[in-house]
Amino acid sequence: MAWAVWLRTGVAPKLHLTAKSCRAFFEARLAESGATFVTWTVLAARKLEGPMIQRSLARYLGIEGPALSRQLEQMERRGLVVRRRIDEDRRAATVEPAPEGELYVRISAVAVTGQQEMSKGLGDAGVAQLAVLPDRILGNVGVD
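As numbered in the numbering used here, residues 2 to 145 make up the sequence shown, in order.
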């Protein structure tokens, strides 16, 4: 019976449910703008970090390489990113943001509005604490 209590009150199951629910929440809103969660995270990471080698981008976003590669192919076809092969290592490619277009601006607004909706009632202190706590947990489980 201890497992039943753990499922209702444990940190891991609550984080899992929260992550899945938040992802579904964002996916639904982003789909209305013609984007996906991965599209948004790639574009936002590129805006924040600039050009990055594809495998580093996958690690940065916590996405498996092949899944990111498929997503980047679609994004490249849509003119959202540019991949450039590195001369020293033909298997490696940098991912660069394409010139900003309407999609980035539109999904940025969706992300901001979604964040506000999800954090309704938490207050500034609660949002600030919620931004720090997952980093502590990740450190505890050995993820930098």
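Glycine included, each C-beta is placed from N, C-alpha and C at the ideal position.
(Q) My output table needs one value for I64: the three-state DSSP class, helix, strand or coil. (A) One-based indexing of the sequence shown puts residue 64 at position 63. Coil at I64, not helix or strand.
Q. Start and end of the beta strand (DSSP E) containing R84?
A. Numbered from 1 along the sequence shown, position 83 holds the residue referred to as residue 84. Element bounds for R84: V82 to I87.
**Q.** Rounded C-alpha distance that separates I1 from R79
**A.** Given that the chain is displayed from residue 2 to residue 145, the structure contains no residue 1 and the question cannot be resolved.
Q) Tell me which same chain residues have a C-beta within less than 6 Å of the C-beta of L81, skipping the five on either side of it? A) Counted from its first residue, the sequence shown places residue 81 at position 80. Around L81: A99.
Q: Give me whichever residues DSSP pairs with E97 in a beta bridge.
A: Position 96 of the sequence shown, counting from 1, holds the residue named residue 97. Answer is V83.
Q | Euclidean distance between Cα positions of G1 and A20 | A | There is no way to answer for residue 1, as the model of the chain reaches only from 2 to 145.
Q. Looking at V96 and M53, is the spacing between their C-beta atoms short of 7 Å?
A. Mapped onto the sequence shown, residue 53 falls at position 52. Mapped onto the sequence shown, residue 96 falls at position 95. Yes, Cβ-Cβ distance for M53 and V96 is below 7 Å.
Q.
On the criterion of 16 or more Cβ atoms from any shown chain inside 10 Å, does T40 qualify as buried, or is it exposed?
A. Here the question's residue 40 lines up with position 39 in the sequence shown. Result: buried.
Q) Excluding the five sequence neighbours on either side, which residues of its own chain have a C-beta within less than 6 Å of the C-beta of S34, listed in chain order? A) Taking the first residue of the sequence shown as position 1, residue 34 is located at position 33. So the list reads R107, I108 and V111, once near-sequence residues are dropped.
Q | Spatial neighbours of E28 in its chain, beta-carbon cut-off 8 Å, leaving aside the 5 residues before and after | A | Stepping through the sequence shown from its first residue, residue 28 is reached at position 27. Closer than 8 Å at Cβ, skipping near neighbours: T37 and F38.
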